[in-house]
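A.B. asks: In our numbering, the protein residues as written are 293 to 446.
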Amino acid sequence: MAGEQDGAPHGVDSDVPGGDVAYLLQRLIAQAVLSNHEIAQRLGLGSSDSQFLTLLQVHGPLTPGELARLSRLTTGTVTGVLDRLEGNGFVRRERDATARRKVVVVLDREALAERVAPHYAGHAEAARAALARRTPAERAAVLAFLTDLLPPQA
């Protein structure tokens with residue numbers, strides 16, 4: 293296998309253009325998943341609970357149905373996750389201001405800042421430091437690359 297004989301790290305296919313980048317992305321994703329799982333455990337949360345907090349951070353208030361669609365979980369599972377998150381003070385269910393029958397789930401940003409953000413402070417600082425060592429053109433290239441990897445916003 294390429295990589296083991298040619299001096300590249302195990303798992304890197306040096307015969308494939310960008311193989312080293314793909315390998316590092318795989319490592320980064322694996323590390324993020326493991327780190328998120330560890331932090332969720334420290335906070336007494338499940339992996340779905342943590343995923344919902346991220347979805348609400350990224351998208352803002354969402355209906356339970358939207359959370360089900362984005363997470364690919366059943367509505368019954370979504371209800372259980374929301375019950376736990378609400379019980380732990382991370383989210384609130386509120387009536388939509390424009391459609392009173394609709395319920396939206398709102399992230400408690402203060403609780404997130406106080407109880408969750410400190411666990412990610414090291415990650416955030418490492419990212420800031422890595423970006424600070426890059427030129428504006430390099431940062432633009434990283435931004436374009438990461439944007440290309442994301443699916444279009446629905």
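No residue lacks a Cβ here, since even glycine has one placed at the ideal position from N, Cα and C.
Thinking C-alpha only, which one of Pro353, Arg431, Arg426, Ala416 is nearest Ala324?
C.D. replies: As a position in the sequence shown, residue 324 is number 32, starting the count at 1. Checked all of Pro353, Arg431, Arg426, Ala416; the closest Cα to Ala324 is Ala416.
A.B. asks: Count the other CB atoms within 10 Å of the CB of Asp440; is the residue buried (16 or more) or exposed (fewer)?
C.D. replies: Start at 1 with the first residue of the sequence shown, and residue 440 comes out as number 148. Asp440 should be labelled exposed.
A.B. asks: Measuring alpha carbon to alpha carbon, tell me which residue in Ala413, Tyr412, Leu435 is nearest Leu423.
C.D. replies: Here residue 423 refers to the residue found at position 131 of the sequence shown. It is Leu435 whose Cα lies nearest to the Cα of Leu423.
A.B. asks: Using the Cα positions of Arg431 and Arg392, report the straight-line distance between them to the nearest angstrom.
C.D. replies: Working through the sequence shown from its first residue, we reach residue 431 at position 139. Working through the sequence shown from its first residue, we reach residue 392 at position 100. The alpha-carbon atoms of Arg431 and Arg392 are separated by roughly 44 Å.
A.B. asks: Taking all protein chains shown into account, do 16 or more other C-beta atoms lie within 10 angstroms of the C-beta of Leu348, making it buried, or fewer, making it exposed?
C.D. replies: Along the sequence shown, read from residue 1 onward, the residue named residue 348 stands at position 56. Leu348 should be labelled buried.
A.B. asks: Got a sec, what are the start and stop residues for the alpha helix (DSSP H) Glu330 sits in?
C.D. replies: Here residue 330 refers to the residue found at position 38 of the sequence shown. 311 to 334 is the span of the alpha helix (DSSP H), which, as asked, contains Glu330.
A.B. asks: Ignore the nearest five residues each way along the sequence and tell me which others in His460's own chain have a CB closer than 7 Å to its CB.
C.D. replies: In the structure as shown, the chain starts at 293 and stops at 446, and residue 460 therefore has no counterpart that could be examined.
A.B. asks: Just the Cα atoms here: how many angstroms apart are Arg420 and Ala433?
C.D. replies: Your numbering for residue 420 matches position 128 in the sequence shown. Your numbering for residue 433 matches position 141 in the sequence shown. Cα to Cα, Arg420 sits roughly 16 Å from Ala433.
A.B. asks: Taking the alpha-carbon of Gly336 as reference, which of Asn380, Phe344, Arg364, Ser363 has the nearest alpha-carbon?
C.D. replies: Indexing the sequence shown from 1 puts residue 336 at position 44. It is Asn380 whose Cα lies nearest to the Cα of Gly336.
A.B. asks: Out of curiosity, what's the CA-to-CA distance linking Thr366 and Phe344?
C.D. replies: On the sequence shown, residue 366 is found 74 positions in, with the first residue counted as 1. On the sequence shown, residue 344 is found 52 positions in, with the first residue counted as 1. Answer to the nearest angstrom: the Cα atoms are 13 Å apart.
A.B. asks: Could you compute how far the alpha carbon of Tyr412 sits from the alpha carbon of Leu438?
C.D. replies: Counted from its first residue, the sequence shown places residue 412 at position 120. Counted from its first residue, the sequence shown places residue 438 at position 146. It is roughly 20 Å from the alpha-carbon of Tyr412 to the alpha-carbon of Leu438.
A.B. asks: At which residues does the beta strand (DSSP E) containing Arg393 begin and terminate?
C.D. replies: Within the sequence shown, the letter at position 101 stands for residue 393. Here Arg393 belongs to no beta strand (DSSP E), and DSSP marks it neither H nor E.
A.B. asks: Look up Glu386 in the DSSP assignment and give the residues it is bridged to.
C.D. replies: What you label residue 386 is simply residue 94 of the sequence shown in a count that begins at 1. In the DSSP output, where bridge partners are listed per residue, Glu386 has Val396.
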